[in-house]
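*Asks:*
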Amino acid sequence: MGFLIGFSPWIIYWILVGNTSFRVAVIVALCLAVLAVAVQRLRRQPWHTLEAGAVLVFAMFTVLAFTVSDSFLERWLQPLGNAAIFLIALVGMVIGRPFVREYARASVTDDVARSDGFRVITSAMTWMWIAVFGVMTVVSLIPPLVQGEATIRDGASTLSIVCYWVVPFTLLGVAGTVSGGLPRVVLVAHRCDQQATGRDASG
Numbered sequence: 545m546g547f548l549i550g551f552s553p554w555i556i557y558w559i560l561v562g563n564t565s566f567r568v569a570v571i572v573a574l575c576l577a578v579l580a581v582a583v584q585r586l587r588r589q590p591w592h593t594l595e596a597g598a599v600l601v602f603a604m605f606t607v608l609a610f611t612v613s614d615s616f617l618e619r620w621l622q623p624l625g626n627a628a629i630f631l632i633a634l635v636g637m638v639i640g641r642p643f644v645r646e647y648a649r650a651s652v653t654d655d656v657a658r659s660d661g662f663r664v665i666t667s668a669m670t671w672m673w674i675a676v677f678g679v680m681t682v683v684s685l686i687p688p689l690v691q692g693e694a695t696i697r698d699g700a701s702t703l704s705i706v707c708y709w710v711v712p713f714t715l716l717g718v719a720g721t722v723s724g725g726l727p728r729v730v731l732v733a734h735r736c737d738q739q740a741t742g743r744d745a746s747g
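This note's numbering applies: residue 545 is where the sequence shown begins, and numbers increase by one.
What follows is the structure, given as structure tokens:
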């Protein structure tokens, strides 16, 4: 549930940014980002890097939406959004708060959370997401750099469709599917840790 709360502003943003005005897209995303932080606090959950980062990013995007031209936003808002979530995830990893671990921690026992397997797996999963966000950023930069006038609303351009939408969201789907198996993988790793500890103790 927490994972979905953290991603909800981004999901809504990605849906709206290609189908409505940029101002509407970023304002709705900002409101959801603030709501996500509030919900987590009401649940007595600590702040998470993904949620705090989303508030900051969509606040800045809201300013951009009211200060720069639509033609600029049509070319660059999608790459900027992908770069922003990439940096949020990367900074969280660098400061020792991988976002996958932050959300997974709420669904496991203290023993599991302290295990080496849990730390290794959640770090690896976070790096997977960082790689996905990085590739999304690079791919979404291709249309404006190659074609110059390419935009996220250019439905006649195969390059725009593939690089702004098909490749990035296919990668998101794959990463989400892999993440769905996280609880089982963590439990298996924890059992392996326990068995290894038991063998060491008996030896």
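Every residue, glycine too, gets a C-beta built ideally from N, C-alpha and C.
Around the C-beta of Asn-626, are 16 or more other C-beta atoms found within 10 angstroms, so that it is buried, or is it exposed?
*Replies:* buried
*Asks:* With a 10 Å radius around its C-beta and 16 neighbouring C-beta atoms as the bar for buried, classify Gly-717 as buried or exposed.
*Replies:* exposed
*Asks:* Leaving out five residues on either side along the sequence, give the residues of the same chain with a beta carbon under 8 Å from the beta carbon of Val-750.
*Replies:* Nothing about residue 750 can be reported from this structure: the residues present for the chain run from 545 to 747 only.
*Asks:* Any contact between the stretch 700-712 and the stretch 680-689? By contact I mean 3 or more CB pairs, one from each, below 8 Å.
*Replies:* They touch, by the three-pair rule.
*Asks:* Hey, would you say Gly-550 sits closer than 8 Å to Ala-582, going by beta carbons?
*Replies:* The Cβ atoms of Gly-550 and Ala-582 lie no closer than 8 Å to each other.
*Asks:* Using a Cβ-Cβ cutoff of less than 7 Å, which residues in the same chain neighbour Ala-577 once the five nearest sequence positions on both sides are dropped?
*Replies:* Pro-553, Glu-595, Ala-598, Val-599, Phe-602
*Asks:* Have a look at Ala-573, Phe-610, Leu-631, Gln-584 and flag the residue whose alpha-carbon is nearest the alpha-carbon of Tyr-647.
*Replies:* Gln-584
*Asks:* Quick one: Cα of Ala-657 to Cα of Arg-649, how far?
*Replies:* 6 Å
*Asks:* Report the CB separation of Ile-696 from Glu-618 in whole angstroms; it is logged as a contact under 8 Å.
*Replies:* 6 Å
*Asks:* Compute the Euclidean distance between the alpha carbons of Gly-674 and Trp-558, then round it to the nearest angstrom.
*Replies:* Rather than Gly, the amino acid found at residue 674 in this sequence is Ile. If I take the Cα positions, the gap works out to 18 Å.
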